[in-house]
Amino acid sequence: MFMNIQTIMVVGAGQMGSGIAQVAAQAGFRVILHDIRQEFVDRGRQTIEKNLARSVEKGKMSAEDKEAVLARLTLSVDLTDGRDADFVVEAVTENMGVKAEIFRQLDEICPAHTVLASNTSSLPITEIAAVTKRPEKVIGMHFMNPVPVMKLVEIIRGLQTADEVYQLTEDLAKQMGKVPVSVNDFPGFVSNRVLMPMINEAIYCVYEGVAEPEAIDEVMKLGMNHPMGPLTLADFIGLDTCLYIMEVLYEGFGDSKYRPCPLLRKYVKAGWLGRKSGRGFYVYN
Ligand code: CAA
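So for the sequence shown, UniProt numbering puts the first residue at 1; every next one is plus one.
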């Protein structure tokens, strides 16, 4: 049904988008990294360059391979560059309005064969697909942060996603060195349905004075062998993203067990968004 994928466009050059562009370029694809402003794509490229330079320093990659990866990467501030893409991964902010508008435009711009994937961490793929005239070619491809390190990609079928599109996306994830796991389209999928209530519960422990943040993180790190405690992880993900995902779960299931902790709301309102804003449960310099 499909041609070989040669060119992948990544829409959104933030933490997730730049990571996805990096693993795609490392896998040998031509990559167009897009964002709305030149400084955003420049920053995305710098992150990729820094990660690759670290791999060269560690002897995990040759300097020639690094240059070859970077040569496969082009930057774009014009969404119509999507006309050259065989596969698009959207990784913009978690906002249905923003995503819907991008998918509507991509549907007009991209060739008929192009698959449109979303890296959304919790929004319904079926709803995103519905704004396009190709819902059978819309799919969820949820990478984990940090993308170059984490093996998992959740692949989410919308109601109308074609089996061939699922297969193609699964193969693509494998070519990027990832392990794809198939998940159906429910709020939060599996990863955030399980992870976020744990993080939210850790925040309730702070809120109710059960223990200090450091103590809570220590319990989960040393007691459950988690690489990061839940509050460190929340700061790493971004507290605004954590709150947004809890809202999606709460609204999607209508069940009080997903009620976002009031302390999480308060921190987000204060602009304490975690590592990226310099302050969350911990202070960063
Ligand atoms: N980008 C690229 N590489 C990175 C990186 C980054 N941001 N951060 C760490 N690395 C690399 C390091 O270079 C190092 O590589 P080598 O093995 O080649 O030396 C390796 O990862 C390990 O790093 P460190 O030794 O510095 O630190 P660590 O052992 O503590 O690992 C970690 C760091 C991988 C982030 C680890 O702490 C971890 O696994 N944390 C949990 C991450 C997690 O749960 N992610 C999921 C978040 S939820 C999500 O993404 C979904 C959502 O929808 C919200």
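C-beta: ideal position from N, C-alpha, C; glycine also.
1. Give every residue of the same chain whose Cβ lies closer than 7 Å to the Cβ of Val98, excluding the five residues on either side of it in the sequence, and list them in chain order.
2. List the residues that DSSP assigns as beta-bridge partners of Met141.
3. Rounded to whole angstroms, what's the CA-CA distance from Leu70 to Glu64? Just pull it up for me.
4. Are at least three pairs of beta-carbons, each pair with one atom in the segment 240-247 and one in the segment 261-269, less than 8 Å apart?
5. Under a Cβ-count criterion, where at least 16 other Cβ atoms within 10 Å of its own Cβ denotes burial, should Leu222 be classed as buried or exposed?
6. Kindly identify the DSSP beta-bridge partner or partners of Thr7.
7. Report the option in Gly280, Asn285, Ala21 whose CA atom is closest to the CA atom of Pro146.
8. With contact counted as at least three CB pairs below 8 Å, one residue from each stretch, are the segment 25-34 and the segment 120-140 in contact?
9. Tell me the DSSP secondary structure of Pro230 in three-state form.
10. Spatial neighbours of Glu247 within its chain, please: CB distance less than 7 Å, with the 5 preceding and 5 following residues excluded, ordered by chain position.
11. Alpha carbon to alpha carbon, how far is Thr132 from Ile8?
12. Applying the criterion that 16 or more other CB atoms from any shown protein chain within 10 Å of the CB defines a buried residue, is Thr80 buried or exposed?
13. State the Cα-Cα distance for the pair Phe186 and Phe253, rounded to the nearest angstrom.
14. Candidates Met144, Val23, Asn4: which alpha carbon is nearest Gly177's?
15. Suppose the cutoff is 6 Å on Cβ atoms and the five residues either side in sequence are ignored; what does the same chain contact list for Met1 look like?
16. Buried or exposed: Asn285, going by 16 or more other Cβ atoms within 10 Å of its Cβ?
17. Can we count Lys266 as close to the ligand HEM, meaning its CB is less than 7 Å from some heavy atom?
Here's the rundown:
1. Locating residue 98 in the sequence shown gives position 98, where the first residue counts as 1. Once the five neighbours on either side are set aside, the close Cβ partners of Val98 are Val92.
2. In the sequence shown, the residue the question calls residue 141 occupies position 141. BP columns for Met141 point to Ile155.
3. Stepping through the sequence shown from its first residue, residue 70 is reached at position 70. Stepping through the sequence shown from its first residue, residue 64 is reached at position 64. If you draw a straight line from the Cα of Leu70 to the Cα of Glu64, it comes to about 10 Å.
4. Three or more Cβ pairs closer than 8 Å define a contact, and the segment 240-247 meets that threshold against the segment 261-269.
5. Locating residue 222 in the sequence shown gives position 222, counting from the first residue. An exposed status is given to Leu222, since fewer than 16 other beta-carbon atoms sit within 10 Å of its beta-carbon.
6. Counting from one through the sequence shown, the residue named residue 7 turns up at place 7. According to DSSP, which records beta bridges pairwise, Thr7 is partnered with Arg30.
7. Locating residue 146 in the sequence shown gives position 146, where the first residue counts as 1. Of Gly280, Asn285, Ala21, the residue nearest in Cα terms is Ala21.
8. Touching, no, given that fewer than three Cβ pairs across the two stretches are closer than 8 Å.
9. Looking up residue 230 in the sequence shown gives position 230. DSSP places Pro230 in helix when its eight states are reduced to three.
10. Numbered from 1 along the sequence shown, position 247 holds the residue referred to as residue 247. Excluding sequence neighbours, Glu247 sits near Pro260.
11. Here residue 132 is taken as the residue at index 132 of the sequence shown, counted from 1. Here residue 8 is taken as the residue at index 8 of the sequence shown, counted from 1. Cα-Cα distance, rounded: 19 Å.
12. To locate residue 80, count along the sequence shown from 1; it is residue 80. Under a 10 Å Cβ-count criterion, Thr80 is classified as exposed, with fewer than 16 other Cβ atoms of the shown protein chains found around its own Cβ.
13. Numbered from 1 along the sequence shown, position 186 holds the residue referred to as residue 186. Numbered from 1 along the sequence shown, position 253 holds the residue referred to as residue 253. Roughly 9 Å between the two C-alpha positions.
14. Position 177 of the sequence shown, counted from the start, is the residue given in the question as residue 177. Considering only alpha carbons, the answer is Val23.
15. Position 1 of the sequence shown, counting from 1, holds the residue named residue 1. Caution is warranted here: a pLDDT of 49 is assigned to Met1, below 50, making its placement in the model unreliable, and the coordinate value is therefore given only provisionally. Closer than 6 Å at Cβ, skipping near neighbours: Glu164.
16. Translated into positions along the sequence shown, residue 285 becomes position 285. Exposed is the call here.
17. By its list of ligands, the structure shown excludes the ligand HEM, since it contains just the ligand CAA.
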